[in-house]
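Scroll down for the structure; my scribbles are underneath it.
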Amino acid sequence: MNDKDRRSMPLFGIGIVMKLTELTARQIRYYEENDLIHPERTKGNQRLFSFNDVDRLLEIKNYLDKGLNLAGIKLLLTDEDSNVEKTEEKEKALPKEKKSVLTDKELRAILRQEITEANRFGKANLRQGELARFFVNR
DNA sequence: CTTCTCACA
DNA sequence: TGTGAGGA
Numbered sequence: 007m008n009d010k011d012r013r014s015m016p017l018f019g020i021g022i023v024m025k026l027t028e029l030t031a032r033q034i035r036y037y038e039e040n041d042l043i044h045p046e047r048t049k050g051n052q053r054l055f056s057f058n059d060v061d062r063l064l065e066i067k068n069y070l071d072k073g074l075n076l077a078g079i080k081l082l083l084t085d086e087d088s089n090v091e092k093t094e095e096k097e098k099a100l101p102k103e104k105k106s107v108l109t110d111k112e113l114r115a116i117l118r119q120e121i122t123e124a125n126r127f128g129k130a131n132l133r134q135g136e137l138a139r140f141f142v143n144r
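Note that the working numbering gives residue 105 to position 99 of the first sequence, counting from 1, and the numbers run on in steps of one.
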């Protein structure tokens with residue numbers, strides 16, 4: 007068994023995750039509803055989170071502090087999932103003319119950069135959902 | 001006692 | 001997001 011398997015192994019209940027992430031059960035469940043995390047379930051329907059899930063929750067909390075809404079965070083976090091490859095393949099399949107100027111991967115990289123920058127000047131410059139809207143309406 | 005879903009004076 | 005109900 008490798009590290010990758012360990013990180014995705016369902017190990018902790020919501021109680022432990024709450025302490026680890028400093029988030030309320032309500033928030034954690036709400037983020038799951040919005041597909042930002044996908045914890046496994048026990049036979050009794052109890053959530054079981056992996057190290058990856060905890061890491062993601064921590065990232066979500068950071069982005070939230072930086073003024074992003076769930077929609078925006080979802081777009082940024084979509085990376086680590088198997089979506090990148092899909093997007094890149096789809097991008098390659100397109101004829102040059104119809105290719106978007108930037109791939110989703112590149113766009114996300116730019117957004118991260120902007121967020122980091124905005125963070126240096128203070129999140130006041132970043133209004134709620136601004137980045138998400140930019141992303142969606144591109 | 002903890003977690004789950006659903007709903008909202 | 002919080003909170004309470006009602007069940008597991």
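Virtual Cβ for every residue (Gly too), placed ideally from N, Cα, C. Nothing here was measured: the structure is a model prediction, and the numbers come from that model.
Straight-line measurement puts the Cα of Q52 at about 13 Å from the Cα of E38. Scanning K49, G50, V23 for the CA closest to the CA of I43 turns up V23. Shown here for F18: same chain residues with a beta carbon closer than 6 Å to its own, the five before and five after excluded, namely F55 in chain order. L70 and N8 have their C-alpha atoms spaced approximately 32 Å apart. Here L29 carries a coil assignment [DSSP, helix/strand/coil].
In this structure T27 is in contact with V60, their Cβ atoms being roughly 6 Å apart against a cut-off of 8 Å.
When the beta-carbon positions are compared, N58 and R13 come within less than 8 Å of each other.
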